[in-house]
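Chains as they are written, first to last, in my numbering: chain A, 396 to 903; chain B, 2 to 360; chain C, 1109 to 1477.
Ideal Cβ placement from N, Cα and C applies to all residues, glycine included.
Fair warning: this is a prediction, and the values are worked out from it, not measured in the lab.
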Amino acid sequence: MSENNNNNTKNQNTTKTNIEKDLNKNEASLRKIFKNADDIVFRKIEGGQNQKINMLLVYVDGMTTKEAISEYAVQNLMMNMNLENLEKSPDNEILNAVSKTNIAILEVKTLLTLEECVDKMLSGETVLLIDTCTKGIMLSSRGWPMRGVQEPAAETLIRGARDGFNETMKVNITLIRRRIRDPKLKVKYTQVGSRSKTDMAIMYIEDIVNKTVLDTVEKRIKNIDIEAILESSYVEEMIEDDSYSLFPQIENTERPDAAASALLEGRVVIAVDNTPTVLIAPAIFVSFMQSSEDYYERWLPSCITRMIRYVALPIVMLLPALYVAVTQFHPNMLPTQLALYVAASRANVPFPPYFEALLMELVIELVREASMRITTPVGSTIGLVGGLVIGQSSVEAGLITPLAVIIVALTAIASFTIPSYNFSTTLRMIRFAFIILAAVFGLFGISIGLSVLIIHLCTLKSCGIPYMSPLSSFIEDRSDLKDTIIRPRIKNMVRKPKYLQAEKEKGN
Amino acid sequence: MFNQDITPYQNISILILVSFAFQSLLMPSILSEIDGPVGWISIAAAALLLYLAMKPVNKLMEKHSEDTIISISNKLFPKFISRSIGLYYIFMFLISNSILLKDFSEQIKLMMLFKTPLSTIIIAILLTAGYAAKKGMQTIANITNIAVVIALIPYLLIIVFSTYYADYTNILPIYPADVVGVAKSIPFAMLGFFGFSILMFSNSRVAIKEKNLMINKRFIVISAILYMACYLLIVVKFGIKEAVNMVWPFISVMKFVNIPGFFFESTEIVGLCFQIVVTFTCICILSYFTNLSMQETFKTRENGYFIFIQIPILYLIAAALPGMYMMFPYIRIPIYALSALNFLIPLLVAFKDRKKGFI
Amino acid sequence: MKKIKLIIIILAAVTLAMVLTGCWDSVEINKREYLFAVGIDKEKDTLKFTAEIPKINEGSEEQRIIYSMENNNFADFYNTSYLHSDKAISDRLMQVIVLGEETAKNPETFKKIFDEIQRSPQMNRRVKICIAKGKAEDIINTEIPSNPIVGRFLSDMLVKLKRESYQDIYTFDEAILHLGQTGNAMIPVVEMNDKSLKIERAAVIKEYELLGFLETEEVESIMLLLNPTKANIKNINIKADEKTLAIGAVDVSMTEDIDLTGDKLSVDYYITLYCYVDSFIVGDDSLADKNFMNKVKEESLKKISETTASTIDKLQHTYRADLLRIKDDLYKFHKQDYEKIMDKYDEVFEAAHINVHFKMDIKSIGLVK
């Protein structure tokens, strides 16, 4: 384990306090730093043949594996210390000897300043200070309560690996490494957050990553100036190209296999400690429409399911708006029978269609939000109550038309087919804008709205990659089109996505 | 990061899309100029002429690969001439853009929003188009490509379904063709290849130059095929006699789209929606290139902000113009002049450049 | 820079908000009234419009409102209806327009109505059209028990007849195209039939004027010449050797030969009918007899030829209406010769030799011998 803090000098305290020769002084300054922090444990031991050497072990209670320290360090130091001749030897020789011969722990590191000691302690290591030595020893002892590797709840698949990331970055990296046993898979550690000092890892495969993207990501992460990172979404927001945009420009996943496949495509994966969600950059429009299950099922059915997803896309965005436009502006678009039926069903409804649509969409959003906040068993009840009771009774009360209920329900269902949660949230929000546009201008308003949406999507970039690629250059990148709306056979997918390979293409 | 270059194929789709909008605009004049359904011959002739003209133009573009026609002429001609060429292009773009805008908003008004004031529709389109034009070349190129995927291709596919109960013998008689009419309508047909003028500007922004010039030629071929196909479609559906009567033959064709089991009854509105996106993209493109030609003519560094000058001008022209059908009687001479100038200016510049090269 | 951007955005938003608060065209679907069928009868100076509007009500039973008004033209009619109703009148779902006999006989009115339909951006050119025998008002007023909305009844019926090639045209668009190409059109005729309506005959329209009617068999034989691939002859009843027999034609193939030398036009149709036997006598073996079959063929050909000849004769001499669209063919395939006789085409057509040569092949005799 080699921590690489060079990148983050900016966020570190620049003052340095040397470790004193006098152990008591060191203890005092440490106690001063950790004033009122009762979870810090100071353990003084006397080692050596005659119990002459004073030592101090400091660690944070709860973040260390106590067994390892007591069994392989403390025990050895107290009982079997063979430091016969060193008791009086000066300065740091004793320290070297201790770390080389007495501590049976895999990872040991020399620490030079008190600040370093504090940093290590706070990340769960145990620090050993020895009287007369001006250096400290870090004993690797990280260990804290950890969630096991479970299936991610938000991205469940019928077929595919059941493991998911958890809150420990190291575990997450391991899960990815296990899938790509290539020395070219690089993992760069860095620390972000002036207070939280959150560990982050930038992962990529050296020879297929787009260097421009990698540079952009590294530069942006370096420039993050924030107090604390509590979730990877903080990072996402800090490094995305246009944070005013509704559309997510960084993909995220809890599935190691999805992360691995992103790496193999040549993308960059950013793992953040304390977060089960890793970030994938760059993310383009079509990548939000892909699910890893597409690749685990047989290709032909996957093709069709993916196409169905693309059918769902306009439904989520446009269907309520179309309802408004058709009933308010262009009833002649409907087949005559249906037009008459709709007119008849609307006969006693007091609200105009746009209000009806907005109202029902609001209800659906309320139900969704409510069921999200409540535990699962109650949540499904809320869904039932919301869907059945409110829909049914408001139709009976003559507040809305049955057609509106159908449309809103269809929209809600369609929104669940979008694999990426944050993407489908975006689409749902856009829907409201479309309803209002349709209420003002009918289909013309929808078309104008679509045009604005297209313009916006075309200006968006994700780490320098155009968001709408490969569609925005569909003739050049026609080989990429294969894996957008359809899912080709794995045999035919040997080529890396072209839009990511700008660097390589020019090089060749 | 701030790479404003486009790819050759993005370039060609810009050219094709712009040309398509003008083709459907000019279709009624081509239909009515000629006695008999042989307008496609004049389209083919115009395409051939332009194809031949591409050779000197390409040579010119190859030599000055980073320059637009205005900056080339700045180098070659005295200030007065180059200024006038620049002003001509600004004027031409503004006029064609506002005609497109006017005609298009008129269609929307008649077909979709009968009581909505025309100016509201024009403003709504202009503001959105201005937003895009300010964003720069790459955005425009991306938008165009997406518009081709989500609007132009579905639009053309839908239109094919209108041949239900159509009479294919309507494309006859070919012989004897009305030669005079065909010759007369070549300028009309030529103006339909509006991309030819755009090309003088867009080529300077293309990233991969070598391939681009070859692909440029392809634009003429593809555009000509589209043009002829649309012409024939109208003729097949209505017969030449009825087609001549129509103000917007294209929209009228849309009324006959008959897709079995299609949910929507009046398909012309659906078609119009696609066309909104297509025409709208064209207006974006044209506004962008007006900006660009303003930038080159007035030698400023920034072009995005010209859109704020452009929007009021476009709005005023579009509001002042009469409807397209009212213009038909007066439109002939301006169209002859425009298409002649569009065709000749690049050739003139190319010729001058070559002469200079010899000396 | 940022400030300018913000100001621009706010300005744009404000203008948009001001401009966009119109919703000028928004009329809710239930606040409209849809004309389904309009009948037009000519009165002395004005036109009498009879409109059918399906009543929008919840529940399954269908009702309609019918009202008549005297106006000068469609626009006038809409305006008055607008003033007479609590809802917005909309012609966007118009199914069928029925022209009264008198209206159709007056070319000026006929033209005016056609022009108005063609010009209107709202009304679909695909609106169906038919001509009423008698008054259009009566047709619209007919209470059909099975389908209370006449507009829908007629529309469905016309679509069916066109698909099965019983009638040449069904939409207004086709009528206008045919009238433009050749000056003639054959428009379906709707008649009262007991309590319901029927469409059997067709009206001969020449230069926007109703000249007369064609009987069912006549329509059938014209359809055979116009659209042989889709045509069918449902039933030919003949007598051979004192035995009655019915055959029907299932497949028709035709070649056409047009010749124009000077003023002399001769048109030859060569038609092969592939037939099957519909009805005969059970147990009779005559169908296996070659002579008998030849006789059957002879008889039936004679019968068809007679009808066809008389129909063509009627077209040539009674109506002088080129419903066979020979003119169109001449224009397309013999343009140079055609241009010489273009002005006096009617005479040329009247004097033309139009011959139909039939051949028959009995393909099947059904499931029993």
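Which parts of the region 1227-1305 of chain C are runs of the beta strand (DSSP E), unbroken and 3 residues or longer, counting only runs that do not cross its ends?
1236-1240, 1292-1301
Partner residues on chain A for T129 (chain B), Cβ-Cβ distance less than 7 Å
Walking along the second sequence from the start, residue 129 (chain B) turns up at place 128. Those within 7 Å of T129 (chain B) in chain A are I843, S846, V847.
Using DSSP's beta-bridge definition, name the partner residues of H1465 (chain C).
The residue you call residue 1465 (chain C) lines up with position 357 of the third sequence. Note: H1465 (chain C) sits in a beta bridge opposite C:Y1378.
For T731 (chain A), the three-state DSSP class (helix, strand or coil):
Here residue 731 (chain A) refers to the residue found at position 336 when the first sequence is read from its first residue. Helix at T731 (chain A).
Measure the alpha-carbon distance for N402 (chain A) versus M595 (chain A) and round it to whole angstroms.
Indexing the first sequence from 1 puts residue 402 (chain A) at position 7. Indexing the first sequence from 1 puts residue 595 (chain A) at position 200. Reliability of the predicted coordinates at N402 (chain A) is poor, the pLDDT of 43 falling under 50, and the value obtained from them is presented with this limitation in mind. Cα to Cα, the separation comes out at about 11 Å.
Which residues, taken in chain order from the region 24-35 of chain B, show a beta carbon closer than 8 Å to some beta carbon of chain A?
none
Taking 7 Å as the limit between beta carbons, can you name the residues of its chain near G902 (chain A), skipping five residues before and five after?
The sequence position of residue 902 (chain A) within the first sequence is 507, counting from 1. Confidence at G902 (chain A) is low in this model, with a pLDDT of 36, below 50, so its placement is unreliable and the value that follows should be read with caution. Same-chain partners within the cutoff: there are none.
Going along chain A in order, which residues have a C-beta closer than 9 Å to the C-beta of K136 (chain B)?
The residue given as residue 136 (chain B) occupies position 135 in the second sequence. Ordered by position in chain A, the residues that pass the 9 Å Cβ test against K136 (chain B) are I850, C853, T854.
Residues of the region 232-245 of chain B with a CB closer than 8 Å to any CB of chain C: list them in chain order, please.
F239, G240, K242, E243
How far does the beta strand (DSSP E) with S1061 (chain C) in it reach, from first residue to last?
Residue 1061 (chain C) lies beyond the range of chain C shown here (1109 to 1477); nothing can be said about it.
Just the chain C side, please: which residues come within less than 8 Å of T164 (chain B) by C-beta, in chain order?
Start at 1 with the first residue of the second sequence, and residue 164 (chain B) comes out as number 163. Those within 8 Å of T164 (chain B) in chain C number zero; the least Cβ separation is about 13 Å.
Are the C-beta of N1255 (chain C) and some C-beta of chain A separated by less than 8 Å?
By one-based count along the third sequence, residue 1255 (chain C) stands at place 147. Not one chain A Cβ lies under 8 Å of N1255 (chain C).
List, in order along the chain, the chain B residues whose C-beta lies closer than 8 Å to that of I1284 (chain C)?
Locating residue 1284 (chain C) in the third sequence gives position 176, counting from the first residue. Chain B residues near I1284 (chain C): E243.
With distances taken between CB atoms, is the gap from E542 (chain A) to E562 (chain A) smaller than 8 Å?
Translated into the one-based positions of the first sequence, residue 542 (chain A) becomes position 147. Translated into the one-based positions of the first sequence, residue 562 (chain A) becomes position 167. In the sequence under discussion, the amino acid at residue 542 (chain A) is Arg, which differs from the Glu named in the question. It is a contact, given that the beta carbons lie within the stated cut-off.
Tell me which residues of the region 867-886 of chain A have at least one Cβ-Cβ distance to chain B shorter than 8 Å, keeping chain order.
S867, S868, F869, I870, E871
Can you tell me where the alpha helix (DSSP H) holding P188 (chain B) begins and where it ends?
As a first step, residue 188 (chain B) is located in the second sequence; it is residue number 187 there, counting from the start. Unbroken alpha helix (DSSP H) run through P188 (chain B): 180-193.
P29 (chain B) and I172 (chain B): beta carbons closer than 8 Å?
Counting from 1 along the second sequence, the entry for residue 29 (chain B) is found at position 28. Counting from 1 along the second sequence, the entry for residue 172 (chain B) is found at position 171. A distance of 8 Å or more separates the beta carbons of P29 (chain B) and I172 (chain B).
Can you confirm whether V183 (chain B), when its beta carbon is compared against all beta carbons of chain A, has any partner nearer than 8 Å?
By 1-based counting over the second sequence, the position of residue 183 (chain B) is 182. Output row for V183 (chain B): interface = no.
For G905 (chain A), name the three-state secondary structure that DSSP assigns.
Shown here, chain A extends from 396 to 903; a query on residue 905 (chain A) therefore has no answer.
Counting only the same chain and skipping the five closest in sequence on each side, list residues whose C-beta sits under 6 Å from that of K1405 (chain C).
For the purposes of this step, residue 1405 (chain C) is taken as residue 297 along the third sequence, with counting starting at 1. Closer than 6 Å at Cβ, skipping near neighbours: M1468.
Can you tell me whether N1292 (chain C) is buried or exposed? The criterion is at least 16 other CB atoms within 10 Å of its CB, across all chains shown.
Position 184 of the third sequence, counted from the start, is the residue given in the question as residue 1292 (chain C). With 16 or more Cβ atoms within 10 Å of its Cβ, N1292 (chain C) is classed as buried.
Counting only C-beta atoms, is T140 (chain B) closer than 8 Å to chain C at any point?
Walking along the second sequence from the start, residue 140 (chain B) turns up at place 139. The beta carbon of T140 (chain B) sits no closer than 8 Å to any beta carbon of chain C.
Give me the subset of the region 1283-1310 of chain C whose CB atoms are less than 9 Å from a CB atom of chain B, sorted by chain position.
Per Cβ criterion, the list reads I1284, L1285, G1288, Q1289.
What is the rounded straight-line gap between the Cα of L51 (chain B) and the Cα of Y90 (chain B)?
As a working mapping, residue 51 (chain B) is identified with position 50 in the second sequence. As a working mapping, residue 90 (chain B) is identified with position 89 in the second sequence. Between L51 (chain B) and Y90 (chain B), the alpha-carbon positions lie close to 18 Å from each other.
Could you tell me how far apart the beta carbons of P748 (chain A) and E1326 (chain C) are, in whole angstroms, since I believe they sit closer than 8 Å?
Within the first sequence, the letter at position 353 stands for residue 748 (chain A). Within the third sequence, the letter at position 218 stands for residue 1326 (chain C). In fact, because the Cβ distance is near 51 Å, the residues do not count as touching under 8 Å.
State yes or no: is the C-beta of V721 (chain A) within less than 8 Å of the C-beta of A834 (chain A)?
As a first step, residue 721 (chain A) is located in the first sequence; it is residue number 326 there, counting from the start. As a first step, residue 834 (chain A) is located in the first sequence; it is residue number 439 there, counting from the start. No. Outside cutoff.
Report yes or no: do three or more beta-carbon pairs, one from the region 750-761 of chain A and one from the region 855-873 of chain A, lie closer than 8 Å?
no
In the DSSP assignment, the alpha helix (DSSP H) including F202 (chain B) goes from what residue to what residue?
Translated into the one-based positions of the second sequence, residue 202 (chain B) becomes position 201. Following the DSSP letters along the chain, one finds F202 (chain B) inside the alpha helix (DSSP H) bounded by residues 196-203.
According to the neighbour-count rule (16 or more other Cβ atoms, all chains shown, within 10 Å of its Cβ), is D417 (chain A) buried or exposed?
Numbered from its first residue, the first sequence carries residue 417 (chain A) at position 22. Exposed, since its Cβ has fewer than 16 Cβ neighbours within 10 Å.
In chain order, what residues of the same chain lie with their CB nearer than 6 Å to the CB of I1366 (chain C), ignoring the 5 residues before and after it?
Against the third sequence, residue 1366 (chain C) aligns to sequence position 258. V1375, D1437, listed in sequence order.
Can you give the Cα-Cα distance for M1362 (chain C) and P1336 (chain C), rounded to whole angstroms?
Locating residue 1362 (chain C) in the third sequence gives position 254, counting from the first residue. Locating residue 1336 (chain C) in the third sequence gives position 228, counting from the first residue. Distance between the alpha carbons of M1362 (chain C) and P1336 (chain C) is about 6 Å.
For chain A, is any of its Cβ atoms less than 8 Å away from the one on S1329 (chain C)?
Translated into positions along the third sequence, residue 1329 (chain C) becomes position 221. S1329 (chain C) does not count as touching chain A.
Integer Cβ distance of A208 (chain B) from T69 (chain B), believed to fall under 8 Å:
One-based indexing of the second sequence puts residue 208 (chain B) at position 207. One-based indexing of the second sequence puts residue 69 (chain B) at position 68. With 8 Å as the limit, A208 (chain B) and T69 (chain B) do not qualify as a contact, their Cβ atoms being about 16 Å apart.
From this set, B:A319, B:M325, B:E63, B:A320, which residue's C-alpha is nearest K210 (chain B)'s C-alpha?
Taking the first residue of the second sequence as 1, we reach residue 210 (chain B) at position 209. Ranking B:A319, B:M325, B:E63, B:A320 by CA distance to the CA of K210 (chain B) puts B:E63 first.
Where does Y1142 (chain C) sit, in a helix, a strand or coil, going by DSSP?
To locate residue 1142 (chain C), count along the third sequence from 1; it is residue 34. It is a strand residue.
Can you name, in chain order, every residue of its own chain whose Cβ lies under 6 Å from the Cβ of P814 (chain A), other than the five neighbours on each side?
Indexing the first sequence from 1 puts residue 814 (chain A) at position 419. Cβ neighbours of P814 (chain A) beyond the five flanking positions: S686.
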